[in-house]
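Comments concern the structure below.
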Amino acid sequence: TLTAQQPLNNISRVTIQTLAAVLGGTQSLHTNGYDEALSLPTEEAARIALRTQQIVAMESGVTDTADPLAGSYYVEAITAEIEERAMQLIQKIDLMGGSVSAIEKGFIQEEIARSAYDYQRKIETGEKIIIGVNKFQNEETSFPPPFKIDDSIQQIQIQKLDHLRRNRNPAKCDSILQELNDRASGDENIMPVVLDAVEHNCSLGEIADTLREVYGEYKSS
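Those letters in the sequence shown? Residues 13 to 233, per this note's numbering, in order.
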């Protein structure tokens, strides 16, 4: 829901989203940086996102009670509506044979594409107002400086990975990765072997490549 146009408006959007999540009783919360529609968040944007959480938590008073919206007829009504619509989708997926079958038949992808198209259509027709995008646009558009990753970080990480590989037991790593391949090829739980691989300094890339050999990669048909 964040926009590249007038990105500072996203601070207000994230604040509203944060408040909505807290009012809904969230147990975990992440707030986006205002510039994430443009790039990875800058340090300033990440700090403002953190301060947004802290202001809602410590200044708004919304956390003084466990359920500030308890008894609201409107919240109960829209909750019931969402539940009903969700159950309709779940029933459709069940009739298709489950989630995997629904994905193979393209149902999930079609629903996501349909929803995205409908959302964009409403923006372009003005049915849904997005401030700064289809309402109250600025003639002159300015963007904050994007976050840039220092290329030296890549070289440092390569050196760390090289050091890791030179100081581990290569035979043990090969053995564990082969066991992971064998288990992934069958019906056994692979998690214990994945944890074993991590404990013996197999890299994330090596673990992923091993699983990729067995499962392949998803390609949209």
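Just so it is clear, CB atoms sit at the ideal spot from N, CA and C, and this is done for glycine as well. A quick note: this is a predicted structure, and the numbers were derived from the prediction, not measured.
| Query | Result |
| --- | --- |
| Please report the distance separating the alpha-carbon of A183 from that of K134. | 58 angstroms |
| Would a C-beta distance cut-off of 9 angstroms place V34 and A89 closer than the cut-off? | no |
| Compute the Euclidean distance between the alpha carbons of E56 and Y46, then round it to the nearest angstrom. | 9 angstroms |
| Can you round the beta-carbon distance between G138 and N21 to whole angstroms, since I take them to be within the 8 angstroms contact cut? | Not really, about 18 angstroms apart at Cβ, beyond 8 angstroms. |
| Count the other C-beta atoms from every protein chain shown that fall within 10 angstroms of the C-beta of I60, then say buried if there are 16 or more, exposed otherwise. | buried |
| Which partner residues of K8 appear in the DSSP bridge assignment? | Residue numbering for the chain in the displayed model covers 13 to 233; residue 8 lies beyond these limits and cannot be assessed. |
| Can you find the residues in the same chain that come closer than 8 angstroms, C-beta to C-beta, to L31, ignoring five residues on each side of it along the sequence? | V68, S72, V74 |
| Do you know offhand how far A229's Cα is from T222's? | The residue you asked about is not Ala; residue 229 is Glu in the sequence shown. The straight-line gap from Cα to Cα measures roughly 12 angstroms. |
| Would you tell me roughly how many angstroms separate the C-alpha atoms of D186 and Q166, rounded to the nearest one? | 26 angstroms |
| Keeping to the same chain, check which residues put their C-beta closer than 6 angstroms to that of T43; ignore five residues upstream and five downstream. | V26, T30, A61, T64, Q65 |
| Apart from the five residues on each side of it in sequence, which residues of its chain come closer than 8 angstroms, Cβ to Cβ, to V87? | L81 |
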